[in-house]
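Engineer:
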Amino acid sequence: MNFQEYDVVALTAEIEATHKETQQPIVLRQGQVGTILMDFSGQAYLVDFADVRGNTYAMETVPAQKVMQLVYEPLLMSA
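For the sequence shown, my numbering gives the first residue as 15, with consecutive numbering after it.
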């Protein structure tokens with residue numbers, strides 16, 4: 015699936031990252047939520063990871079196979 019800028023996604027697997035402020039290594043866990051900032055031809059995405067206050071703690075390039083779309087509405091079943 016190709017995402018657009020500002021789509022909200024979740025990680026499907028853990029990835030290693032660097033904390034934006036402290037430069038310490040961190041682990042972004044499966045299910046961690048982020049916002050797409052840039053699309054690299056559908057192969058990878060630059061994703062911003064922020065806390066509940068909107069403060070960015072990591073910005074990483076994530077392979078396309080490690081992000082999934084968040085779904086907010088149910089899918090209607092056809093009769």
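Every residue, glycine too, gets a C-beta built ideally from N, C-alpha and C.
Tell me which residues share the same chain as Y71 and place their Cβ nearer than 8 Å to its Cβ, disregarding the 5 neighbours each side in the sequence.
Structural biologist: Here residue 71 corresponds to residue number 57 of the sequence shown, with the count starting at 1. Excluding positions up to five away in sequence, the list reads H33, K34, E35, I40, F63, A64 and D65.
Engineer: Relative to the ligand MG, is the shortest distance from any of its heavy atoms to the C-beta of A72 smaller than 8 Å?
Structural biologist: As far as ligands go, the structure on display features none, and thus does not contain the ligand MG.
Engineer: Return the first residue and the last residue of the beta strand (DSSP E) that R59 is part of.
Structural biologist: Along the sequence shown, one-based indexing puts residue 59 at 45. For the sequence presented, residue 59 should be read as Tyr rather than Arg. A58 to A64 is the span of the beta strand (DSSP E), which, as asked, contains Y59.
Engineer: Just the Cα atoms here: how many angstroms apart are G45 and Y86?
Structural biologist: Position 31 of the sequence shown holds residue 45. Position 72 of the sequence shown holds residue 86. Take the alpha-carbon of G45 and the one of Y86: they are about 15 Å apart.
Engineer: For G48, is the classification buried or exposed, using 16 other Cβ atoms within 10 angstroms of its Cβ as the cut-off for buried?
Structural biologist: Sequence index remark: in the sequence shown, residue 48 carries index 34 (1-based). Buried, since its Cβ has 16 or more Cβ neighbours within 10 Å.
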